[in-house]
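Going by this note's numbering, the sequence shown opens with residue 62, and the numbers climb by one from there. In this text, a Cβ means the ideal position worked out from N, Cα and C, and glycines have one as well. Note that the structure is predicted; figures quoted are calculated from it, not measured.
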Amino acid sequence: EMSLHHPREVSLALKLSQFPDAVQDTLDTLLPNRLTEYLYDLTEVFNQFYQECKVIGSEDEASRLLLVEATARVMRQCFKLLGITPLHRI
Numbered sequence: 062e063m064s065l066h067h068p069r070e071v072s073l074a075l076k077l078s079q080f081p082d083a084v085q086d087t088l089d090t091l092l093p094n095r096l097t098e099y100l101y102d103l104t105e106v107f108n109q110f111y112q113e114c115k116v117i118g119s120e121d122e123a124s125r126l127l128l129v130e131a132t133a134r135v136m137r138q139c140f141k142l143l144g145i146t147p148l149h150r151i
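The following block contains the structure:
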């Protein structure tokens, strides 16, 4: 079960919920930059969350790990839709 207490958790969850709309907007307009803009915004929101919310060892660890995993899945799907193979290691 996920619980959202911190404002950054809420912001991240809201941004993740916008993914289907971003995909639909990209399909409707045939402009892939709409999806890249969403991905950029998602990374900004995630970084704010990660800076302000301790994940490992916090009281909300399980819930926050779910947010991290959901973010990773959405990012992977964005990369896949854009034809980008992400690097897992440099």
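Where Q112 sits in the DSSP three-state scheme: In the sequence shown, the residue the question calls residue 112 occupies position 51. Looking at Q112 - three-state DSSP - the assignment turns out to be helix.
Contact check, E105 vs R69, beta carbons under 7 Å: For this step, residue 105 is matched to residue 44 along the sequence shown. For this step, residue 69 is matched to residue 8 along the sequence shown. No.
Outcome for L92 when other beta-carbon atoms lying within 10 angstroms are tallied against a minimum of 16: Along the sequence shown, read from residue 1 onward, the residue named residue 92 stands at position 31. Label assigned to L92: exposed.
Euclidean distance between Cα positions of D82 and T97: For the purposes of this step, residue 82 is identified with residue 21 of the sequence shown, where counting begins at 1. For the purposes of this step, residue 97 is identified with residue 36 of the sequence shown, where counting begins at 1. If I take the Cα positions, the gap works out to 13 Å.
heavy atom of the ligand ADP below 6 Å from L148 C-beta: In the structure on display, the ligand ADP does not appear, and there are no ligands present to speak of.
CA-to-CA distance, V84 to V129, given in whole angstroms: Stepping through the sequence shown from its first residue, residue 129 is reached at position 68. Stepping through the sequence shown from its first residue, residue 84 is reached at position 23. Taking the straight line joining both Cα atoms gives about 20 Å.
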